[in-house]
Amino acid sequence: MLTWKNNLTPVSEQFDDIYFSPENGLEETKHVFIKGNDLYNRWRNWNIQNAFCILELGFGTGLNFLTTWKEYLEYKDRFRLHFISIEKFPLNREEISKALSIFSELVEIKKEFLSSYQDLIPGMNYFQF
Numbered sequence: 050m051l052t053w054k055n056n057l058t059p060v061s062e063q064f065d066d067i068y069f070s071p072e073n074g075l076e077e078t079k080h081v082f083i084k085g086n087d088l089y090n091r092w093r094n095w096n097i098q099n100a101f102c103i104l105e106l107g108f109g110t111g112l113n114f115l116t117t118w119k120e121y122l123e124y125k126d127r128f129r130l131h132f133i134s135i136e137k138f139p140l141n142r143e144e145i146s147k148a149l150s151i152f153s154e155l156v157e158i159k160k161e162f163l164s165s166y167q168d169l170i171p172g173m174n175y176f177q178f
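See below:
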């Protein structure tokens, strides 16, 4: 079950935990996920013959995915990105849309993502962008 802190920040009732920092969720994602995995440096030096794969445990709101996708666009002509995420408790389309609505720099990429996203079914769900 999902609740909302200040009507903006998604909170998992089951785990009593927020999905991202209400003060700076996007910067937190860039620092912890993008920079923490040294993605800029790895992408600059990546062999263009190979796809770059990321496996994430816990898709959550999709903030890591959308931020990664947005940053990857600078490198899209060099290699293909495969982003694989495993999520036991997926959010529905409306919950994801509301959770990401506070990030103005992700508006366009969020629209593209949500135009293809459907509520998930048990098993594997595949999306290509």
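Residue numbers 50 to 178, in this note's numbering, belong to the letters of the sequence shown in order.
Idealized CB from N, CA, C, for every residue including glycine.
Taken through DSSP and simplified to helix, strand or coil, PHE132 comes out as strand.
By the CB criterion at 8 Å, LEU163 and ARG129 fall outside the cutoff. For the stretch 98-134, the continuous beta strand (DSSP E) assignments of 3+ residues that do not extend past its boundaries occur at 101-106, in sequence order. Taken through DSSP and simplified to helix, strand or coil, TRP92 comes out as helix. In the displayed model, SER61 falls within a strand according to three-state DSSP. Contact between the stretch 72-91 and the stretch 110-130 is present: 3 or more CB-CB pairs across the two stretches fall below 8 Å.
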